[in-house]
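Undergrad: Note that our numbering has the sequence shown beginning at 87, numbered continuously upward.
Quick reminder that beta carbons are idealized off the backbone N, C-alpha and C, glycines included.
A single structure is presented below for examination.
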Amino acid sequence: MNMPIRFLVALLLYITMVGGVLAAQENNPSSTVLEELIGVALAGNPDLRATVASWRASESKIAQSGSLNDPTLTFSLNNYPANIFPNSGYDVVDKGVKLTQEFPFPGKLVARQEVAAQEASWSQSQVEEGRLQLVRAVKEAYYTLYYFDRAVTVTEKTLKILDGVILLTETKYQVGKGLQQDVLKAQLERSRMLDQLYAFKQQRESSQAALNRLVNRAPATPLASLPDFALTPIAAPLDELQSAAQKSRPMVAAYNSLLARYQAQQRLAKLDYRPDMMVSLSYMYKEPNGPEPGADLVGIEFGINLPIYREKRKAAVAESEAGEQMALAQYDEFKNQVSFNIHDAYRQMQTSTDQARLYKTGIIPQAVQTLESARGSYQVGKLEFLTLLDNLISLYNYELQYYMVLSDGERSLARLEAESGQTIPLAAQ
């Protein structure tokens, strides 16, 4: 088979490949690859495991914060004379044991336990938020890998066509029917595309390593083939997603816990102006001393601490009040940021869906028709070869852009789900 015929056959195979990909994506086959990766990540991601452990540790502090301090047991030997000698006739006067328990002012233990409980609630919400963001990260890494995987495939197939271009231009130049300029341009285009292929392969490896890191695997662990898909419009209106985020997003509950924690801390700081009480029960045995017989003695003591250092207590109240104001401001900023992120991701998803439809039903089929027309004109000598080459490169760039739009659309959907805290309903296909 001579060079021109080989080139045209390869070109026809390339056009058939493009049409086949678009037809396959129309069916949008379901795949469990991404779901399996998400499941592995949720089960084994080290960062998420650390967040869960932190939550469990904070839960263990609740019982500690609501408990009394340990009592104090004191043993005493009293009234030894300073110059005690053998046969002095002076025995130890008394021996005693005393048990002392501190009781915080009523309400302090409850407030301390509330502070610890709200800290644990915050940590629990962080776990839920961590799961949400991990799912988003896995999806974004997956669809980034999908783009670079398809970019490598498309570039390699196009390079095969360019090899035929180079051979064809060299053959025509050798027989005096072509220009050296055509040969040089075809070779330059191949070198440029080969450089792009190297970059795509490196980016595919980096994307695979990033995805493997999220699922706690070695960077070079191979992944299953990534199936094609099609973007589907979002069925839920934007304002509905905005409202749902205020209920479904774990960070909303986290900020409510943070506010409750500072409020409990403020109550505790104000209660610290009140004294704590100490109660002691004692037993003492008084040794016989000369004519005085021994005796068993019992006693009870009550005491309070004196909260006289007011400045530190005033500072503690101010600290809790400032913390509450900080939490309120952070919560407001969070709500504003979530509202913007949902709006932005929603519009980006819409744009990507429209662009994907345009590329699939308009631009790429038109580019294929243009290439087929150029092929026919070239066969009968009515078209310069480099025009055919330009049409081929245009189709290549359009296909790359199509895969980029698909990747951007799914990553925007992943972002939208993470920001709203729920699975986004999609329109029926």
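I need the straight-line Cα distance from Thr-351 to Arg-198, nearest angstrom please.
TA: Per the sequence shown, the amino acid found at residue 351 is Gln instead of Thr. So the alpha carbons of these two residues sit roughly 7 Å apart.
Undergrad: What is the C-beta distance between Ser-406 and Ala-355, in whole angstroms, given that I count them as a contact (C-beta under 8 Å)?
TA: Sure, about 5 Å apart at Cβ, within 8 Å.
Undergrad: What residues are listed by DSSP as bridge partners for Ser-162?
TA: In DSSP, Ser-162 forms a bridge with Gly-182.
Undergrad: Taking buried to mean at least 16 other C-beta atoms within 10 Å of its own C-beta, is Gln-150 buried or exposed?
TA: Counting Cβ neighbours within 10 Å, Gln-150 comes out exposed, since fewer than 16 surround it.
Undergrad: Answer yes if the stretch 413-422 comes into contact with the stretch 205-224, meaning at least three C-beta pairs across the two stretches below 8 Å, and no otherwise.
TA: Contact between the stretch 205-224 and the stretch 413-422 is absent, because fewer than three Cβ pairs lie under 8 Å.
Undergrad: Any idea what DSSP makes of Leu-512, helix, strand or coil?
TA: It is a strand residue.
Undergrad: Output the distance between the C-alpha atoms of Ile-320 and Ala-340, rounded to the nearest integer angstrom.
TA: Cα-Cα distance, rounded: 28 Å.
Undergrad: What would DSSP say about Asn-114, mapped onto helix, strand or coil?
TA: With a pLDDT of 46 at Asn-114, under the threshold of 50, the predicted position of this residue should be treated as unreliable, and no value is reported.
Undergrad: Spatial neighbours of Thr-456 within its chain, please: CB distance less than 7 Å, with the 5 preceding and 5 following residues excluded, ordered by chain position.
TA: Excluding sequence neighbours, Thr-456 sits near Asn-477.
Undergrad: Between which two residues does the beta strand (DSSP E) carrying Ala-519 extend?
TA: The requested residue 519 does not occur in the structure, where the chain is confined to residues 87 to 515.
Undergrad: Cβ of Pro-336 within 7 Å of Cβ of Glu-215?
TA: Yes, the Cβ-Cβ distance between Pro-336 and Glu-215 is below 7 Å.
Undergrad: Which residues does DSSP list as the beta-bridge partners of Ile-320?
TA: Per DSSP, Leu-512.
Undergrad: Would you mind stating whether Ala-223 and Gln-508 have Cβ atoms separated by less than 7 Å?
TA: For Ala-223 and Gln-508, no; Cβs fall outside 7 Å.
Undergrad: To which residues of the same chain is Gln-332 closer than 7 Å at the C-beta, ignoring the five residues directly before and after it?
TA: Here the set comprises Val-338.
Undergrad: Beta-carbon separation of Leu-469 and Ala-460 under 7 Å?
TA: Cβ atoms of Leu-469 and Ala-460: closer than 7 Å.
Undergrad: Jot down the residue ranges of each uninterrupted beta strand (DSSP E) in the stretch 270-350, minimum 3 residues, whole runs only, in chain order.
TA: With a minimum length of 3 residues, no continuous beta strand (DSSP E) run stays inside the stretch 270-350.
Undergrad: When you compare each of Leu-254, Val-365, Leu-317, Thr-158 to Phe-191 by their alpha carbons, which one comes out closest?
TA: Ranking Leu-254, Val-365, Leu-317, Thr-158 by Cα distance to Phe-191 puts Val-365 first.
Undergrad: Quick one: give me the first and last residue of the beta strand (DSSP E) that Val-261 is part of.
TA: First-last for Val-261: undefined, no H or E at that position.
Undergrad: Are Val-251 and Leu-475 touching if we call contact CB-CB under 7 Å?
TA: In contact: Val-251 and Leu-475 (Cβ atoms closer than 7 Å).
Undergrad: Using the Cβ count rule (16 or more neighbours within 10 Å means buried), how would you classify Gly-495?
TA: Gly-495 comes out buried.
Undergrad: Would you call the CB atoms of Leu-317 and Thr-439 closer than 7 Å?
TA: Their beta carbons are under 7 Å apart, which means Leu-317 touches Thr-439 by this criterion.
Undergrad: Roughly how many whole angstroms lie between the Cα atoms of Glu-226 and Gln-349?
TA: When rounded, the distance between both Cα atoms is 38 Å.
Undergrad: Which residue wins for smallest C-alpha separation from Leu-120, given the options Glu-505, Asn-483, Leu-300?
TA: Checking every option, the nearest Cα to that of Leu-120 belongs to Leu-300.
Undergrad: Assuming Leu-392 and Gly-193 form a contact by the criterion Cβ under 8 Å, report the distance between their Cβ atoms to the nearest whole angstrom.
TA: Incorrect: roughly 19 Å between the Cβ atoms, too far for contact.
Undergrad: What's the C-alpha gap between Ala-500 and Asp-268?
TA: For Ala-500 and Asp-268, the distance between alpha carbons rounds to 46 Å.
Undergrad: Report the option in Leu-274, Tyr-359, Tyr-228, Pro-379 whose CA atom is closest to the CA atom of Glu-397.
TA: Nearest C-alpha to Glu-397: Tyr-359.
Undergrad: Mind checking whether Lys-184 and Leu-163 have CB atoms under 7 Å apart?
TA: The answer is no: Cβ separation not under 7 Å.
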